[in-house]
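Have a look at the structure below, then the notes.
In the numbering used here, the protein residues as written are 4 to 788.
So this is what it looks like as structure tokens:
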């Protein structure tokens, strides 16, 4: 790996020397209507047939020979194209505001990058969906949702309706790094997975990275969901909101300090509990079931070289009556953008993220003498992260930086009261930190050949105070017995270090066709433990230890990218293979909550995932949308399970087909439809049964795992949006959104299991459980002024 660093350093020095003969054009690209920075705008220099794109903060830089006149073309779909002619004699600051072209187009746009970006860009295994598109798609209970929308993209699935999180290319839900303004979100679900924590009124940009992961990302082995919040309207006050079937939302944006700064505050609150309260009595009289969240962001431009940002999120779910549980996230991010010179850009980030969850019995009884149980758990992280971008030439952009993350987990703080006597059964907190350094380079060799290469090194330390256990395996695949323990009052308990190389290439066969390939290795030191059919908010987050080794993934991907009819249609075919190490499974009847010897209930092994993804999209016209199809397998091989043979993972789905259709009938009325079909998830059923003591008991005689499947899943959703003729309060805009979820009333199974018949213990029966088993119509009124 030393040689890789040497090569990168040599390339940087050689290109730096070459670049001394040149000058730089740089600046920010923003939306003319609200001052929001625009991500991924194409900045093309016509004379050299090359260019760049704006970064995540709308900044760009081009290093060009002096004394020459150039034509710069700023291009972003949905906005008017701008051309600027300049003669470069010295470094030049050139910031541009682009005007929205949506009124002129009068059609649905399903992405906001350059039309041929999928062919020209070196990125592969990346999907970007604009919030405008997400808002037009049919949605459950009339409320659009970011996470549910990305599940209609290739390679993305979930265990079923009502399941938290999502699965990407054979990865578990904890193997996705979900970022909200660069702060990790550990549970992105509201209402048991039906909605996500992301308020659509506050989100600006959504990017899902499934492969070819750049060196600046680390910490998870399957995907990166990078969500960027709006910065607030820097031109005028703006209010957005909606009144829906299940919750309402409101956002407020406004500039300040003479438009040097702006902010946005957005909130949501569900009211199922309020609507249901008159109908609840008896044990359900004191029921509470609702969620709420608050999202905020502010930015301030100190001068042309310095901009600061601050953003935060706070949300909570509450569920239950006398016995209930709740969970919630809190994040805070502070960022500083600094332009050292026309070539060197820095973004320094500090974030704090906390996720806590717990349950309590007899919540409404204040009598301490009664029997009670209360349990809470949490995971807290804070981080410092400087990232640098060095624009060497139009053909070379070097990125480098590092990160420090501190982890603090509380596996369980619990008390039990019985007959007036209180007993503390809490587990000790656990601590760790993770440090990383990275460097990468985007290099264009010729007009048709480009490379993106880099390397990341991550170093993890498990810190005291804490206890390290050793276990003895008596029977392979059964619970291990603790044989010794060592207590650490402070210091380092154990360490892990991993080199994580990254490489991507693009070969452009012609202006509308390219071939791309990528390889990346990723390491993960944080793990979510769950032995249920689908993850729940009360699952346990744990750190790597002497027993629990880091998860490692190596992924290779190859893709064909093609555009048709002047970029009106785009298509791609990607194949991938992913090898996973140190995957976690569980012994039979494992105990994950409040178990000091939890590591003895864990089993470890390898995984593999491979498949092909087809994606076809129509970008322009009154009728737009996409079709995606994934053919995939996801398997695990765990010692002691399935006779040590490969078996399908719980979230393995062979076929996954999704279709999204958007139709703009006229300026006021639009229609939309979604259709989803996927293979049923694997399940383990008894192979035989035996009778004992008047009971019939199921048995799996051959120790097989996931040898059967539940029935396939399929669903059709329809939606319509009608803009109001009359202005709201004389100046605002309003629209009615009608949606029908599960149009043909399909009872899709979430799981199936075998049990004894309630009336006869000698009989057994299969039970098919569906979370949503009926048509779900909804209506929402959205407004903006």
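Glycine is no exception: its CB is placed at the ideal position from the N, C-alpha and C atoms.
| Item | Value |
| --- | --- |
| Report yes if the CB atom of residue 424 is closer than 7 angstroms to the CB atom of residue 418, and no otherwise. | no |
| Mind checking who residue 349 pairs with in its DSSP beta bridge? | 341, 391 |
| With DSSP as the reference, label residue 479 as helix, strand or coil. | coil |
| My understanding is that residue 315 touches residue 331, with C-beta atoms under 8 angstroms, so please give their C-beta distance in whole angstroms. | Incorrect: roughly 13 angstroms between the Cβ atoms, too far for contact. |
| Taking 6 angstroms as the limit between beta carbons, can you name the residues of its chain near residue 175, skipping five residues before and five after? | none |
| Taking DSSP as the reference, what is the three-state secondary structure of residue 27? | strand |
| Which of the three DSSP states, helix, strand or coil, is assigned to residue 122? | helix |
| Can residue 521 and residue 560 be called in contact, C-beta distance under 7 angstroms? | yes |
| The alpha helix (DSSP H) spanning residue 135 covers which residue range? | 134-139 |
| Do the region 653-660 and the region 690-704 touch if we need at least three Cβ pairs shorter than 8 angstroms? | no |
| Exposed or buried, residue 17, counting other C-beta atoms within 10 Å across all chains shown (16 or more means buried)? | Interpretation of residue 17 is limited by its pLDDT of 45, a score under 50 that renders its predicted location unreliable; no figure is taken from the coordinates. |
| Would residue 453 pass as a contact of residue 509 if the rule is Cβ separation under 7 angstroms? | yes |
| For residue 265, tell me which candidate among 251, 299, 246, 247 has the shortest Cα-Cα distance. | 299 |
| Do residue 683 and residue 640 have their beta-carbon atoms positioned less than 7 angstroms apart in this structure? | no |
| Which whole runs of the alpha helix (DSSP H) in the region 55-107 are 4 residues long or more, in chain order? | none |
| Compare the beta carbon distance of residue 710 and residue 755 with 7 angstroms and say whether it is the shorter of the two. | no |
| Does DSSP put residue 256 in a helix, a strand or coil? | strand |
| Quick check: what's the CA-CA separation for residue 71 versus residue 547? | 56 angstroms |
| Is the beta carbon of residue 27 sitting closer than 7 angstroms to the one on residue 66? | yes |
| Over the uninterrupted alpha helix (DSSP H) stretch that includes residue 152, give me the two end residues. | 149-153 |
| Taking the beta strand (DSSP E) that residue 492 belongs to, which residues open and close that run? | No beta strand (DSSP E) holds residue 492; DSSP gives it neither H nor E. |
| Along the beta strand (DSSP E) that carries residue 544, what are the first and last residues, could you check? | 543-546 |
| Between residue 771 and the rest of its own chain, which residues show a CB-CB distance below 7 angstroms, the 5 nearest in sequence each way excluded? | 752, 755 |
| Please identify the residue among 722, 156, 259, 735 whose C-alpha is closest to the C-alpha of residue 211. | 156 |
| Exposed or buried, what is residue 592 when buried is set at 16 or more other beta-carbons lying within 10 Å of its beta-carbon? | exposed |
| Measuring CA to CA, which of 679, 168, 722, 632 is closest to residue 672? | 722 |
| Touch check for the region 149-163 and the region 202-216: three-plus C-beta pairs under 8 angstroms? | yes |
| Pick helix, strand or coil for residue 277, following the three-state DSSP scheme. | helix |
| Taking only the alpha-carbon atoms, compute the straight-line gap between residue 297 and residue 246 and give it to the nearest angstrom. | 16 angstroms |
| With DSSP as the reference, identify every bridge partner of residue 571, one or two as the case may be. | Residue 571 is not bridged to any residue. |
| In the DSSP assignment, find the beta strand (DSSP E) that holds residue 755 and state where it starts and stops. | 754-759 |
| By how many angstroms is the C-alpha of residue 221 removed from the C-alpha of residue 550? | 22 angstroms |
| Output the distance between the C-alpha atoms of residue 33 and residue 293, rounded to the nearest integer angstrom. | 38 angstroms |
| Let's test the definition: count the other Cβ atoms within 10 Å of the Cβ of residue 553 and tell me whether it reaches 16, buried, or not, exposed. | buried |
| I need the straight-line Cα distance from residue 698 to residue 473, nearest angstrom please. | 39 angstroms |
| Using beta-carbon positions only, say whether residue 438 and residue 459 come within less than 7 angstroms of one another. | no |
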